[in-house]
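Protein chains: 2
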Amino acid sequence: MDNDISTFVVDWGTSNFRLFGLDSKGVLVDTIEAPMGLLQIKDGKFAEALEPKLKAMASSYQHIPVLMAGMVGSASGWKEVPYVAAPASVSDVAHSAVCFELPWGARARILPGVSYRSAELYCDVMRGEEVQVFGLPLITDSDNMHIVLPGTHSKHVDIKSGAISSFSTYFTGELFALLSHYSSVKPPLPAQEIVDENAFLKGVKRTANGALLNDIFSARALRLFGELADHEVADYLSGILIGNELHSSTHRNIYLVGGEALCARYELAAKELQIETYTFSGNTCFLNGIARIIKEIENEQ
Amino acid sequence: MDNDISTFVVDWGTSNFRLFGLDSKGVLVDTIEAPMGLLQIKDGKFAEALEPKLKAMASSYQHIPVLMAGMVGSASGWKEVPYVAAPASVSDVAHSAVCFELPWGARARILPGVSYRSAELYCDVMRGEEVQVFGLPLITDSDNMHIVLPGTHSKHVDIKSGAISSFSTYFTGELFALLSHYSSVKPPLPAQEIVDENAFLKGVKRTANGALLNDIFSARALRLFGELADHEVADYLSGILIGNELHSSTHRNIYLVGGEALCARYELAAKELQIETYTFSGNTCFLNGIARIIKEIENEQ
Chain A
25 MDNDISTFVV
35 DWGTSNFRLF
45 GLDSKGVLVD
55 TIEAPMGLLQ
65 IKDGKFAEAL
75 EPKLKAMASS
85 YQHIPVLMAG
95 MVGSASGWKE
105 VPYVAAPASV
115 SDVAHSAVCF
125 ELPWGARARI
135 LPGVSYRSAE
145 LYCDVMRGEE
155 VQVFGLPLIT
165 DSDNMHIVLP
175 GTHSKHVDIK
185 SGAISSFSTY
195 FTGELFALLS
205 HYSSVKPPLP
215 AQEIVDENAF
225 LKGVKRTANG
235 ALLNDIFSAR
245 ALRLFGELAD
255 HEVADYLSGI
265 LIGNELHSST
275 HRNIYLVGGE
285 ALCARYELAA
295 KELQIETYTF
305 SGNTCFLNGI
315 ARIIKEIENE
325 Q
Chain B
25 MDNDISTFVV
35 DWGTSNFRLF
45 GLDSKGVLVD
55 TIEAPMGLLQ
65 IKDGKFAEAL
75 EPKLKAMASS
85 YQHIPVLMAG
95 MVGSASGWKE
105 VPYVAAPASV
115 SDVAHSAVCF
125 ELPWGARARI
135 LPGVSYRSAE
145 LYCDVMRGEE
155 VQVFGLPLIT
165 DSDNMHIVLP
175 GTHSKHVDIK
185 SGAISSFSTY
195 FTGELFALLS
205 HYSSVKPPLP
215 AQEIVDENAF
225 LKGVKRTANG
235 ALLNDIFSAR
245 ALRLFGELAD
255 HEVADYLSGI
265 LIGNELHSST
275 HRNIYLVGGE
285 ALCARYELAA
295 KELQIETYTF
305 SGNTCFLNGI
315 ARIIKEIENE
325 Q
């Protein structure tokens, strides 16, 4: 179990906890994932939850610094770290982390999220996605791009000269979950990991009129008419929501960053809407973003 | 309790039951409402649920015909009555009712709903709203109009030469309920009957960009920024959903038919979006629609 870990990196979100062990060259040597999100941590016992995970990865954990990102830095997390306002560079984010000492003596750093305001009543926030976003330019060697990060709350992010210049959040994933669990258009059969392309594209095509509230109800009417089979409803609704999200974008070239199955759905919808996509793994982007942030922190010291 | 009731009319929906007693001139002489919707009726015991209500209104109930409308005619209701396809006139609906004899010997009629299909994957259905819709031309003396019936599933209905020519359904009310009960943008305080106009109009104004999924998330970001107070969230979300629904319409003059509190919200949103509204009580329209349908049935006999 002993290895050359010199930095722990934690991606700590609302539902999930991921721990990465990096060696002194930044190479990933070990990973632990656990369903130990913020919602599972009672009475603020973050240190108590974290320590056994670190110990399981390296016996010398008491001397290894911990770098954390995600909702762990929100008001409902371990320590609230104020948002950095966009335009925000990797250096802005790295240097706005909150540092503190862990009960076992090691140093901890929690990265801030990023906020964006374009006008009165137009503001937005992210926590965690900024790390993936900063990783992408390192992989693509491009400093100007439009990134879409599918998820519970999808993010559409503009990168200009390597910095996050603006972004907006879409309620897509959460609305799909609400419709799937609680609504009158609840699919009679759950969505499968492998998308039913035909049903999904029926939904994407439907979104051309831009009337999402009408499109959602159509899942019910089409079932009554026998135009949508029971096994098609989940993917049809998924197509309607993802199609509507992508219709809101004016970009014709997007970088997709996320998990494989969900990105595959966005690729399908984008193709139907004549949007070019370039897909990158969320994990790879995250680790590349962390490498850049660590470099900034080291330069600072 | 004895009176001159010559027709019972029942508006029997998923959640509610309303019984009206009309005299031989069609004048309303008594009303009973009960939270006895389809969902409350077990094992198909519709006759058993109905009889005591009729008896409570008229001792001679065994000789009085019963005319029913609403979800009672759906597959999950008492007897399934096939939809009449639009364009559908009051006569089409009246003459497509399903007739049967009640256990106590009186005659029952359940009215059909209306369906509409404009193209492949574009179809819609209503059950119950058609009665209100047919009542409005009698009140306004107009045979061509665009009607909006706010509700759990709002209906936008085109009337041409007195017939329902086309319509679409919006998921507005149900989505508001889902967001209010289960979502991460759940308002910290519930909506009040009296709308907070300022918060509601913030939401309506936001919908100009047509990106509903982004607008919904904004309720969260604006709270984080302190631009939306806790007591404003419910009305802001209501404004976003109703504003989005009305934005989907190209009509600049609409007839609103429904309950007072909800219609007041639609009036506010419409005014902001420069749409003219003319509001009529849902109950009044229902009784006028029933009067027209009874006349059609009498002519038939």
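Heads up: the protein sequence lines correspond to chains A and B, in order. With our numbering applied, the first sequence covers 25 to 325. With our numbering applied, the second sequence covers 25 to 325. Cβ coordinates follow ideal geometry from the N, Cα and C atoms, glycine included.
| Check | Outcome |
| --- | --- |
| Identified DSSP bridge partners for VAL105 (chain A) | DSSP output for VAL105 (chain A) lists no bridge partner at all. |
| DSSP bridge partner residues for ASP35 (chain B) (one or two, in chain order) | B:ARG42, B:ALA93 |
| Residue environment, SER100 (chain B), which counts as buried when at least 16 other CB atoms sit within 10 Å | exposed |
| Under 8 Å between C-beta atoms of ILE278 (chain B) and HIS170 (chain B) | yes |
| Residue ranges of each alpha helix (DSSP H) within the stretch 202 to 281 of chain A, 4 or longer | 221 to 230, 236 to 248, 257 to 271 |
| C-beta neighbour in chain A for MET25 (chain B), strict 8 Å | Only weak support is given to the placement of MET25 (chain B): the predicted model assigns it a pLDDT of 49, under 50, and the value that follows is read from those uncertain coordinates. Judged by the 8 Å Cβ criterion, MET25 (chain B) is not in contact with chain A. |
| C-beta neighbour in chain B for ARG230 (chain A), strict 8 Å | yes |
| Where ILE321 (chain A) falls: helix, strand or coil (DSSP) | helix |
| Beta carbon proximity, SER207 (chain A) to chain B, threshold 8 Å | yes |
| Min CB distance ASP254 (chain A) to chain B below 8 Å | no |
| Contact between the stretch 171 to 180 of chain B and the stretch 152 to 162 of chain B (3+ Cβ pairs under 8 Å) | yes |
| Alpha carbon of VAL105 (chain A) to alpha carbon of MET95 (chain B), nearest angstrom | 53 Å |
| Min CB distance HIS87 (chain A) to chain B below 8 Å | no |
| Nearest residue (CA-CA) to GLU324 (chain A), options A:SER115, A:ASN307, A:ILE88, A:MET92 | A:SER115 |
| Beta-carbon proximity check, ALA118 (chain B) vs VAL138 (chain B), cutoff 8 Å | no |
| Within 7 Å of chain B by C-beta, residues of the stretch 192 to 205 of chain A in sequence order | SER192, THR193, TYR194, PHE195, THR196, GLU198, LEU199, LEU202 |
| Terminal residues of the alpha helix (DSSP H) in which LEU286 (chain B) lies | 284 to 296 |
| Chain A within 8 Å of LYS226 (chain B), Cβ atoms only | yes |
| Neighbour flag for SER272 (chain A) against chain B, beta carbons, 8 Å | yes |
| Beta-bridge partners of TYR146 (chain A), as assigned by DSSP | A:ALA143 |
| Where VAL181 (chain A) falls: helix, strand or coil (DSSP) | strand |
| C-alpha distance - PHE44 (chain B) paired with LEU63 (chain B), whole-angstrom precision | 21 Å |
| Within-8 Å CB hit, GLU291 (chain B) to chain A | no |
| Residues that ILE264 (chain B) contacts on chain A, provided the C-beta gap is smaller than 7 Å | Those do not exist, as ILE264 (chain B) stays about 11 Å from chain A at its closest Cβ, beyond 7 Å. |
| Proximal residues to GLY197 (chain B) (C-beta, below 6 Å), its chain only, five neighbours per side dropped | GLY175, THR176 |
| Whole-angstrom distance between ALA245 (chain A) and ILE264 (chain B), CA atom to CA atom | 24 Å |
| Endpoints, beta strand (DSSP E) assigned at ASP54 (chain B) | 52 to 58 |
| Proximity below 8 Å, CB of ALA223 (chain B) to CB of GLU256 (chain B) | yes |
| Contact residues within the stretch 175 to 189 of chain A, judged by C-beta distance below 7 Å to chain B | HIS177 |
| Distance between GLU291 (chain B) and ASP67 (chain A) (C-alpha atoms, nearest Å) | 47 Å |
| Residue nearest to LEU131 (chain B) in terms of C-alpha spacing, selected from B:LEU91, B:THR308, B:TYR146 | The question names Leu, but residue 131 (chain B) in the sequence shown is Arg. Nearest C-alpha to ARG131 (chain B): B:LEU91. |
| N-terminal and C-terminal residue of the alpha helix (DSSP H) that HIS70 (chain A) is part of | Looking at the sequence provided, one finds Phe at residue 70 (chain A) rather than His. Unbroken alpha helix (DSSP H) run through PHE70 (chain A): 70 to 81. |
| C-alpha distance - TRP128 (chain B) paired with GLY283 (chain B), whole-angstrom precision | 35 Å |
| Option in B:ALA293, B:GLY186, B:PHE191 with minimal Cα separation from THR164 (chain B) | B:GLY186 |
| Own chain, CB closer than 6 Å to LYS77 (chain B), minus 5 neighbours either side, in chain order | LEU43, ILE56 |
| Per-residue contacts from ALA235 (chain B) into chain A (C-beta, under 7 Å) | SER272 |
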